[in-house]
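Residue numbers (numbering that gives the first Met the number 0), protein chains in the order written: chain A, 0 to 115; chain P, 0 to 183.
Encoded as structure tokens, the structure appears first; notes follow it.
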Amino acid sequence: MSSRQGTKIRLAYLSANWFARPVAGRAEKGMTATIVTMSEFSMAKQDGNSLHERRRGPDGISSSEGKDPVGRAIGVRLKSLYDEVAREPVPERFMTLLDQLASQDEPGVKATEERS
Amino acid sequence: MTVSQEFRDGLIAAIPGLRAFACSLVGRTDQADDLVQQALTKAWASHGSFEPGTNQRAWLFTILRNEFYSHLRKRRREVEDTDGAYARMLAVHPEQQGHVDLQDMRAALAELSADQREALLLVAASGFSYEEAADICEVAVGTIKSRVSRARNRLGELLGVHGESDFGPDATSEAVLGRTASGF
């Protein structure tokens, strides 16, 4: 999909507040690659197959095996919200944190703790 | 006891999901990442109590959730304001349009009780089974099923997609989850 690249770039921004804040309005172009649009949702109300065939979960898993197109559309959008965050790269702060925790475990560094 | 590479890899692999779950709990990424950091730190310190071979991801989600609630218990006022804060944050940027359907979804999720929202997110978005979600939330499996069921019915009402024929109890459960009972 040609808008894939744009989507990736925008996601970091869009994900800043995935629940608390509505997504900004300037990113429509790329976003349709990963987000179920209103028209698709409306379509799904009438025709369950349309959404079913377009959407897959982040792991390539079909998220539309249920029989109810409406319920499925809700499930897909829920996952879209979740994936906005879950698809971001792991922030550097966490790798730094794990390195720090690992270094604390090394002999010698623990000396101060072992005093007590 | 040194933390194994396997354990560390498991932590890293779980971070994206933990962040998303944290966002669903606190609604803001800076707070959410603080929560993830607390959870990772706690998990590292508690790695001795993790049984290798069991579900490390579920174990981490449990820790994160416990961190969230113990933190909130210390700040009683914030506990009571959790849902209200959601509504306010949603109202802050009404001019930002974006995708109407996802905004509606956010607003609808904010209307759910914290229990229901959490159960729905764990099962429908995080990919946990009812049993795993029950362990994470420390409630009975039936309770989780009930919460998910009520959550999806409420969402259906709020989003205006609730239909008599569309939402039979079992059919809806599977449909909202977007998968069959056999899981991913």
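All residues carry an ideal CB built from backbone N, CA and C; glycine is no exception.
Residue i, buried or exposed, once every other Cβ within 10 Å from all chains shown has been counted against 16
i         : result
PRO51(P)  : exposed
GLY26(P)  : buried
ILE11(P)  : exposed
PHE151(P) : Note that residue 151(P) corresponds to Arg in the displayed sequence, not to Phe. Flag for ARG151(P) reads buried.
GLU137(P) : exposed
ASP82(A)  : buried
ALA13(P)  : buried
GLY191(P) : This structure cannot settle anything about residue 191(P), because the visible part of chain P is limited to 0 through 183.
GLN55(P)  : buried
ILE34(A)  : Residue confidence is low: ILE34(A) scores 38 on pLDDT, short of 50, so the model does not pin down where it sits. Its coordinate-derived value is still stated next. Counting Cβ neighbours within 10 Å, ILE34(A) comes out buried, since at least 16 surround it.
GLU117(P) : buried
SER48(P)  : exposed
ARG146(P) : buried
ARG105(P) : buried
GLN4(P)   : exposed
GLY162(P) : Because the pLDDT at GLY162(P) is just 45, under 50, the model does not fix this residue reliably, and the value given afterwards should be weighed accordingly. That one is exposed.
Length of the line joining the Cα atoms of residue i and residue j
i         : j         : result
LEU158(P) : ALA31(P)  : 26 Å
ASP134(P) : SER45(P)  : 18 Å
VAL75(A)  : PHE6(P)   : 31 Å
LEU100(A) : GLU156(P) : 47 Å
LYS63(P)  : ASP114(P) : One point to set straight first is that residue 63(P) is Leu, not Lys, in the sequence displayed. Each residue's Cα considered, the two are about 15 Å apart.
GLN37(P)  : GLU66(P)  : 7 Å
ARG71(A)  : VAL2(P)   : 41 Å
ASP29(P)  : PRO15(P)  : 14 Å
GLU105(A) : ASP98(A)  : 11 Å
VAL160(P) : VAL122(P) : 20 Å
TRP109(P) : VAL89(A)  : The sequence given here has Ala at residue 109(P), not Trp. Cα to Cα, ALA109(P) sits roughly 26 Å from VAL89(A).
GLY9(P)   : THR142(P) : 29 Å
TRP58(P)  : HIS70(P)  : 18 Å
VAL23(P)  : SER112(P) : The sequence shown places Ser at residue 23(P), rather than the Val named in the question. Roughly 12 Å between the two C-alpha positions.
LEU39(P)  : ILE73(A)  : 31 Å
LEU101(P) : ALA124(P) : 14 Å
LEU96(A)  : THR53(P)  : 24 Å
Three-state secondary structure (DSSP) of residue i
i         : result
GLY26(P)  : coil
THR53(P)  : coil
THR1(P)   : coil
ARG18(P)  : helix
PHE6(P)   : helix
LEU111(P) : coil
LEU158(P) : coil
VAL140(P) : helix
PHE184(P) : The structure shown does not extend to residue 184(P), since chain P spans only 0 to 183, so no value can be given for it.
GLU87(A)  : coil
SER79(A)  : helix
GLU66(P)  : helix
PHE48(P)  : Checking the displayed sequence, the identity of residue 48(P) turns out to be Ser instead of Phe. DSSP places SER48(P) in helix when its eight states are reduced to three.
GLU105(A) : coil
Own chain, CB closer than 8 Å to residue i, minus 5 neighbours either side, in chain order
i         : result
VAL140(P) : TYR129, GLU130, ALA133
VAL35(P)  : ILE14, LEU17, ARG18, ALA21, LEU63
ARG92(A)  : none
Cβ neighbours of residue i in the same chain (closer than 7 Å, five flanking residues each side left out)
i         : result
ASP103(P) : LEU158
GLN33(P)  : Checking the sequence, you will find Asp at residue 33(P) rather than Gln. Within the same chain, ASP33(P) has no close Cβ partners at all.
LYS144(P) : TYR129
TYR68(P)  : none
Contacting residues, own chain, Cβ-Cβ under 6 Å from residue i (five flanking each side not counted)
i         : result
LEU154(P) : ALA107
LEU119(P) : VAL147, ALA150
ALA42(P)  : LEU59, ILE62
LEU77(A)  : none
MET94(A)  : none
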